[in-house]
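Numbering (UniProt numbering), first residue to last: 1 to 247. The beta carbon of each residue, even a glycine, is placed where N, CA and C say it ideally should be.
What follows is the structure in structure tokens.
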């Protein structure tokens, strides 16, 4: 299993860093977890859009979904573009429709529309994706991705809650967006992310938004992930990142 960080800056992209987006692959299965501003461009460093298997949107804040608009423009201007499955919170397609056109139904022609619910589970190729409803200011869903070689959990934006701990249970890598140093409502602080990972028995906690990129949950904390040195985490999760993102 390979994890590529397409972007991890919130709430706005910077000149060198897109907003949240994570490309998870196992064999020829490619799933994107969140697709914030700027990630469409970075994706093309690795894959053509048509090679992506599915998209997963944790919640409808622009730093996590805005480049669905860029994808829509690509699909509308690409002959025989495939309708890619997109999984998102209830109502996500209607909201995207309102941004694209005055007519409803355009999004259904671009994407296979799927609405998430707690414990929603789907299989794509060698990857199984399971949702948990998490606590945020809008409806949000974390996801657990399981493949033949590893188990990965992704928080999206969420405050600490039992569902978040369940997602991270015995994961090889818990990717938690923990961009604050002190607890705040609707978000997770770095210390809380590590605590959740330890409680859940996750082997490692990756927090790109906090710049604490790879934190072992057993033994002394250390920084083990470098921009030009992809590292192996746990049993089979290989972390890489877009060269243009300077973390």
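**OP:** Classify residue 110 as helix, strand or coil using the three-state DSSP reduction.
**Re:** helix
**OP:** State the start and end residues of the unbroken beta strand (DSSP E) segment that holds residue 31.
**Re:** 29-35
**OP:** Buried or exposed for residue 123, please, with buried defined as at least 16 other CB atoms from any protein chain shown within 10 angstroms of its CB.
**Re:** Its Cβ having fewer than 16 others within 10 Å, residue 123 is exposed.
**OP:** Figure out for me which residue from 90, 207, 84 has the closest Cα to the Cα of residue 31.
**Re:** 84
**OP:** From the DSSP output, in three-state form, read off residue 57 for me.
**Re:** coil
**OP:** Note the first and the last residue of the continuous alpha helix (DSSP H) segment covering residue 146.
**Re:** No alpha helix (DSSP H) holds residue 146; the beta strand (DSSP E) holding it covers 140-146.
Original post:
Can you tell me the Cα-Cα spacing of residue 26 and residue 134, whole angstroms?
Top reply: When only Cα atoms are considered, residue 26 and residue 134 end up about 26 angstroms apart.
**OP:** Give the single residue among 33, 15, 13, 48 whose Cα lies nearest to the Cα of residue 4.
**Re:** Nearest option by C-alpha distance: 33.
Original post:
Taking the alpha-carbon positions, what's the residue 107 to residue 188 distance?
Top reply: If you draw a straight line from the Cα of residue 107 to the Cα of residue 188, it comes to about 32 angstroms.
Original post:
In three-state DSSP terms, what is residue 48?
Top reply: coil
Original post:
In terms of residue numbering, what span does the beta strand (DSSP E) encompassing residue 121 cover?
Top reply: 121-124
Subject >> Any 3 or more C-beta pairs closer than 8 angstroms across the region 86-98 and the region 50-61 >> reply: yes
Original post:
Where DSSP assigns a beta bridge to residue 198, which residues make up the other side?
Top reply: Looking at the DSSP assignment, residue 198 forms no beta bridge with any residue, so it has no partner.
**OP:** Pick helix, strand or coil for residue 116, following the three-state DSSP scheme.
**Re:** coil
Original post:
Expressed to the nearest angstrom, what Euclidean distance is found between the alpha-carbon atoms of residue 38 and residue 128?
Top reply: 27 angstroms
**OP:** Can you check DSSP and say which residues form a bridge with residue 85?
**Re:** 112
**OP:** Using three-state DSSP, classify residue 221 as helix, strand or coil.
**Re:** With a pLDDT of 40 at residue 221, under the threshold of 50, the modelled position of that residue is not reliable, and no figure is offered here.
Original post:
Near residue 43, which residues of its chain fall below 8 angstroms by C-beta distance, leaving aside the five closest residues on each side in sequence?
Top reply: 6, 21, 23, 32, 49, 52
**OP:** Evaluate the contact criterion for the region 156-174 versus the region 193-201: three or more CB pairs, one atom per stretch, below 8 angstroms.
**Re:** yes
**OP:** Starting from the C-beta of residue 138, find all residues in its chain whose C-beta is less than 8 angstroms away, skip the five residues before and the five after it, and write them out in chain order.
**Re:** 59, 60, 61, 89
Original post:
Excluding sequence positions up to five away, which residues of its chain have a Cβ less than 6 angstroms from the Cβ of residue 104?
Top reply: Scanning its chain for C-beta atoms nearer than 6 angstroms, with the 5 sequence neighbours on each side dropped, one finds around residue 104 the residues 97, in chain order.
Subject >> alpha helix (DSSP H) segment containing residue 66, residue limits >> reply: Careful: residue 66 lies outside any alpha helix (DSSP H) and carries neither H nor E.
**OP:** Return the first residue and the last residue of the alpha helix (DSSP H) that residue 131 is part of.
**Re:** Segment 127-134 is the beta strand (DSSP E) holding residue 131; no alpha helix (DSSP H) there.
Original post:
By Cβ distance, which residues of its chain are closer than 7 angstroms to residue 114, with the 5 residues on each side in sequence left out?
Top reply: 85, 86, 87
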